[in-house]
Amino acid sequence: MPELSHTLVTVALAAALMGTLAGVLGSFLVLRGQALLGDVISHAALPGVVLGFMVSGSRDFLSILLGALLAGGLAGLSVQWLRRGAGLKPDAALGVVLALFFAAGIVLYSQVQGRPGSAGLQVFLFGQAASVLRTDLMAMALVAALVLALVLALWKEFQFITFDAEAARAQGLPVSALETLLGVLVAVAIVLGLALAGVVLMVAMLIAPAVAARQWVDRLASMVLLAAGFGALAGVAGAVISAQAAGLATGPVMVLAASALVALSLLFAPGRGLLARLALRWRARRALHGRQVLAALHGLELDHANPDHRSEETMLDAYLGTRAAPQLERLAREGLIRRERHGPEGRIHWELTDAGRARLGAGAADSDRSGA
Amino acid sequence: MIEALFQSVPAMILLTGALVALASALPGTFLVLRGQAMASDAIAHAIVLGIVLAWMLSGARSGPLPVLGAALAGLASVVGAQLLARSRLMGNDAAIGLVFPAMFALGVLLINLNARNLHLDADTVLLGEIGFVWLHTVELAGYGVPVAMLTLGAVALVNAAFVGLLWKELKLSSFDPALAAALGFRPGLLGLALLALVSVTAVAAFDAVGVVLFLAFLIVPAVTGQLLCRGLAAMLGVAMLSGLASVGLGYGLALRWDVSIGGMMALCTGAGLGLALLASPRSGLVAVLLRRRALALEARVRVLLIHLAAHQGTPVEAEENTLEALEEHLRWPPDMAQAVVLAALDQGLIRRHAQRFELSETGQARATAWLRAEDRRRAMPPERVPAGTPGSDA
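Residue numbers (the numbering used here), protein chains in the order written: chain A, 221 to 592; chain B, 14 to 407.
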């Protein structure tokens with residue numbers, strides 16, 4: 221079916237574009253601790269989307285984009301004003317703006333409901349990849365290229381205000397203007413994704429790729445690149461999977477794909493990941509236990525006033541209060557202790573080697589000698 | 014009369030709306046006070062998953078099981094986000110922004126896949142429609158009572174009981190969690206209970222107004238109350254009243270313009286907030302403007318005193334210390350000059366001698382003090398002049 225694959229290619233390209241953009245700008249959003257502002261802006265875009273539809277009288281891509289941008293921008297400014305001008309707490313300001321803008325969107329939507337050509341609300345709310353046309357793709361690509369070019373051109377400035385806004389201000393950078401511009405670019409990224417992901421879930425497309433990327437790398441440039449890749453991957457996966465089955469909204473599938481990427485990153489990322497942490501903890505515990513066994517052997521030598529004292533395993537167990545067996549084989553392999561048959565029955569005894577003594581540390585040995 | 018009430022659709026819509034407003038204002042006030050307004054956003058989205066999962070496990074679409082499932086899902090979203098944030102792999106805000114979209118996405122997908130059996134589509138969950146509450150009723154004492162109204166009434170009672178019984182504990186843990194913990198009141202546990210109540214209220218409200226509009230009733234009236242009042246009881250009262258007023262106003266406007274009733278009711282909570290933003294005694298626009306005007310007048314009185322002090326006892330005194338001179342030399346418009354002079358006369362800082370003004374003893378003392386302070390400041394070496402003080406460039 222050449223026609224189906226044609227649509228699929230369009231949708232996949234659009235999703236890749238949107239994911240890339242969301243990943244790049246989401247990285248800044250996450251690093252600046254403004255993830256929830258993204259949530260508010262994307263919910264608040266609803267009245268703009270509907271308004272764009274009302275004005276143009278059709279599902280014209282550009283007018284809906286403009287309307288959403290206008291509403292999202294207004295929402296961002298309202299949050300700022302409610303916080304600084306009216307002194308509301310940040311979360312209260314965010315919550316108020318989200319709820320009221322969304323309510324306005326519902327009221328406006330109930331006005332256009334049933335008009336010819338009006339799409340179901342589901343499309344605005346949860347996105348529908350199939351609604352993206354070839355002509356929209358060109359517009360999307362153009363906007364995305366513009367946004368990416370701006371980010372690239374102002375890279376150093378954005379980096380500076382993200383990590384140390386105070387220092388940037390002291391250096392004479394127009395921090396407020398840059399922050400506003402970054403906010404506008406984030407709003408553009410959100411708006412561009414609305415047709416695919418929907419207003420309710422767009423926030424996850426901003427946050428999830430950035431958080432996933434953050435687990436693997438420590439530099440902004442690599443984080444942004446990786447987030448762009450993750451975003452594109454989640455976008456394409458969501459678009460393609462949801463196109464396979466009728467009735468599957470695109471947004472949720474994309475978000476679940478992105479969330480899966482986050483879960484994988486949280487588990488497997490080297491260094492920061494949960495598994496890496498578990499391994500680190502396990503190794504630390506093993507090293508500590510090994511050291512305790514060495515110290516026990518040394519302690520038994522001192523107790524018997526015999527530097528060549530050999531200890532039985534049961535003796536060690538009693539001394540440590542736990543079983544020494546798991547450590548003994550490993551320590552012997554590492555050459556820190558020696559196994560010897562000793563005594564009339566030829567039972568197995570353990571003895572510290574010179575390497576083991578050295579591992580125990582000069583400090584411990586000194587304090588023992590002075591105590592003796 | 015009661016029969017007429019339950020047969021009148023507008024009365025039932027208004028009553029249901031009023032119950033939503035009352036039930037939400039109770040936990041909403043405390044949530045906003047504790048700085049957790051956005052946690053309710055997470056809860057409102059996450060309950061969708063709880064409702065769908067409860068339906069898949071039990072087949073019940075309403076009743077105690079979905080409520081329980083939804084409440085658990087709501088709690089899970091907040092606690093899950095807290096756990097993620099505690100791993101320090103991401104910020105608090107990113108954790109919230111990750112958990113609830115994932116849960117909501119799963120919920121929407123499950124609804125999509127089961128749409129035919131569930132009789133619940135994703136739009137309804139988000140939006141609800143209060144205009145249709147009367148379609149779904151049960152027989153109670155001989156009257157057909159809307160189910161949504163019953164559940165909302167029950168939840169409102171539970172919320173009222175919770176707030177009434179734990180008033181002191183809630184108050185303390187909202188304003189001073191550290192002290193509450195030190196006194197053994199378990200503010201963490203209380204916070205969880207509050208979030209559970211928010212989840213239950215969200216489930217009850219979602220049939221009527223949908224989860225996102227529920228947020229408006231939860232947050233906006235509570236913020237309105239906090240802008241207008243300082244006492245907790247007053248905040249709660251204002252929140253409830255403003256919620257109720259929005260229900261009435263929203264219903265009227267929705268009928269008039271033929272738009273979504275629930276949406277209009279939610280939007281009208283913004284009207285109360287707008288009024289509060291104008292009229293709040295501390296941070297309202299009117300209060301700020303008045304304060305700014307008072308400050309400006311005070312600064313001009315200071316200029317007047319210094320002007321009079323500079324010329325008092327000099328040959329030009331008769332000419333400089335007159336109303337005309339103020340208008341000409343200080344470029345003050347006549348009405349402003351008059352207002353400043355009147356203020357200074359009222360405060361007993363100047364006296365009038367025919368056309369001429371003269372400093373009173375208090376006025377003289379104050380002008381001298383200001384001039385001395387100014388001299389001291391100018392005498393400071395330039396690097397010690399605090400940045401941004403006027404005249405520091407001199």
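From the three backbone atoms N, C-alpha and C, an ideal C-beta is built for every residue, glycine too. Just so you know, these numbers come straight off a predicted model, no measurement behind them.
Looking at the structure shown, is ILE326(A) part of a helix, part of a strand, or coil, going by DSSP?
Here DSSP, grouped into helix, strand and coil, assigns ILE326(A) to helix.
Going by the CB atoms, is the gap between ARG559(A) and THR573(A) shorter than 8 angstroms?
Not a contact, by the Cβ cut-off of 8 angstroms.
Which of helix, strand or coil does DSSP assign to SER601(A)?
Chain A is shown only over 221 to 592; residue 601(A) falls outside these bounds and no answer can be derived.
Are the CB atoms of LEU44(B) and ALA209(B) within a distance shorter than 8 angstroms?
Cβ atoms of ALA209(B) and LEU44(B): not closer than 8 angstroms.
Taking 8 angstroms as the cut-off, decide whether the C-beta atoms of GLY292(A) and ILE261(A) are in contact.
Remark: C-beta atoms of GLY292(A) and ILE261(A) approach each other more closely than 8 angstroms.
PHE488(A) burial status per 10 Å Cβ neighbour count (16 or more: buried)
With fewer than 16 Cβ atoms within 10 Å of its Cβ, PHE488(A) is classed as exposed.
Buried/exposed call for VAL231(A), threshold 16 Cβ in 10 Å
VAL231(A) sits buried, since 16 or more C-beta atoms from the chains shown fall within 10 Å of its C-beta.
Is any beta-carbon of chain B found at less than 8 angstroms from that of ILE595(A)?
Since the first and last residues shown for chain A are 221 and 592, residue 595(A) lies out of range.
Counting only Cβ-Cβ distances shorter than 7 angstroms, please list the residues of the region 178-196 of chain B near chain A, keeping chain order.
So the list is empty, because no residue satisfies the distance condition.
Proximal residues of chain B, C-beta to C-beta of VAL327(A) below 7 angstroms:
VAL272, SER273, GLY276, MET277 and LEU280, listed in chain order.
When you compare the CB of VAL250(A) with every CB in chain B, is at least one pair closer than 8 angstroms?
With 8 angstroms as the cut-off, VAL250(A) counts as an interface residue toward chain B.
Please tell me whether ALA98(B) has its Cβ less than 8 angstroms away from any Cβ of chain A.
Output row for ALA98(B): interface = no.
Here's the rule I'm using: 16 or more other beta-carbon atoms within 10 Å means buried, otherwise exposed. How should PRO490(A) be labelled?
So PRO490(A) ends up on the exposed side.
Would you mind sorting ASP523(A) into buried or exposed? The rule is 16 or more other CB atoms within 10 Å of its CB.
Exposed: under 16 other Cβ atoms inside 10 Å.
Does DSSP put HIS524(A) in a helix, a strand or coil?
Under the three-state reduction of DSSP, HIS524(A) is assigned to coil, being neither helix nor strand.
Ordered along the chain, which non-local residues of its own chain (more than five positions away) have a Cβ less than 8 angstroms from that of GLY563(A)?
Answer for GLY563(A): HIS569, listed in chain order.
For a contact meaning CB atoms closer than 7 angstroms, what does PRO51(B) contact in chain A?
A small correction: the amino acid at residue 51(B) is Met; Pro does not occupy that position in the sequence shown. Correct list: LEU256, ASP311, LEU314 and GLY315.
Using a Cβ-Cβ cut-off of 6 angstroms (strictly less than) and excluding sequence neighbours within five positions of LEU266(B), which residues of its own chain qualify?
Cβ neighbours of LEU266(B) beyond the five flanking positions: MET277.
Residues of the region 380-395 of chain A in Cβ contact with chain B at a cutoff of 7 angstroms, in chain order, please.
If the cut-off is 7 angstroms between Cβ atoms, the region 380-395 of chain A has nothing near chain B.
Give every residue of the same chain whose Cβ lies closer than 8 angstroms to the Cβ of ALA359(A), excluding the five residues on either side of it in the sequence, and list them in chain order.
So the list reads PHE281, LEU282 and LEU285, once near-sequence residues are dropped.
PHE188(B) lies in the beta strand (DSSP E); which residues open and close that run?
Not the beta strand (DSSP E): PHE188(B) falls in the alpha helix (DSSP H), residues 180-188.
Between which two residues does the alpha helix (DSSP H) harbouring TRP375(A) extend?
Its alpha helix (DSSP H) spans residues 375-383.
At a Cβ threshold of 8 angstroms, is ALA169(B) touching chain A?
Chain A contact via Cβ: absent.
In this structure, how does DSSP classify LEU372(B) when only helix, strand and coil are distinguished?
If DSSP states are grouped into helix, strand and coil, LEU372(B) belongs with the strands.
Of all the alpha helix (DSSP H) runs that stay within the bounds of the region 306-336 of chain B, which reach a length of 4 or more residues?
Runs of alpha helix (DSSP H) with 4 or more residues, each lying fully within the region 306-336 of chain B, are found at 330-333, listed in chain order.
Please check the pair ALA465(A) and LEU416(A), which I expect to be a contact at CB under 8 angstroms, by giving their CB distance rounded to whole angstroms.
Incorrect: roughly 16 angstroms between the Cβ atoms, too far for contact.
Reference GLY246(A); option with closest CA among ALA516(A), PRO527(A) and PHE378(A)
Residue PHE378(A) is the option with its Cα nearest to GLY246(A).
In three-state DSSP terms, what is PRO346(B)?
If DSSP states are grouped into helix, strand and coil, PRO346(B) belongs with coil.
Who are LEU572(A)'s beta bridge partners in DSSP?
Answer is ILE557(A).
Taking buried to mean at least 16 other C-beta atoms within 10 Å of its own C-beta, is VAL329(B) buried or exposed?
So VAL329(B) ends up on the exposed side.
Determine the closest residue to SER373(B) out of ALA367(B), GLY326(B), ARG379(B) and ILE363(B), with distance taken between C-alpha atoms.
Cα-wise, what sits closest to SER373(B) is ILE363(B).
contact_flag[the region 101-115 of chain B, the region 245-259 of chain A] where n(CB pairs < 8 angstroms) is 3 or more:
Using a Cβ-Cβ distance cut-off of 8 angstroms, the region 101-115 of chain B and the region 245-259 of chain A are in contact, since at least three pairs of beta carbons, one from each stretch, lie closer than that value.
With distance defined between alpha-carbon atoms, name the residue in ALA235(A), THR400(A), LEU271(A) and ALA306(A) nearest to ALA291(B).
According to the sequence displayed, residue 291(B) carries Leu and not Ala. Measuring C-alpha to C-alpha distances from LEU291(B) to each of ALA235(A), THR400(A), LEU271(A) and ALA306(A) identifies ALA306(A) as the nearest.
According to the neighbour-count rule (16 or more other Cβ atoms, all chains shown, within 10 Å of its Cβ), is PRO159(B) buried or exposed?
With 16 or more other Cβ atoms within 10 Å, it is buried.
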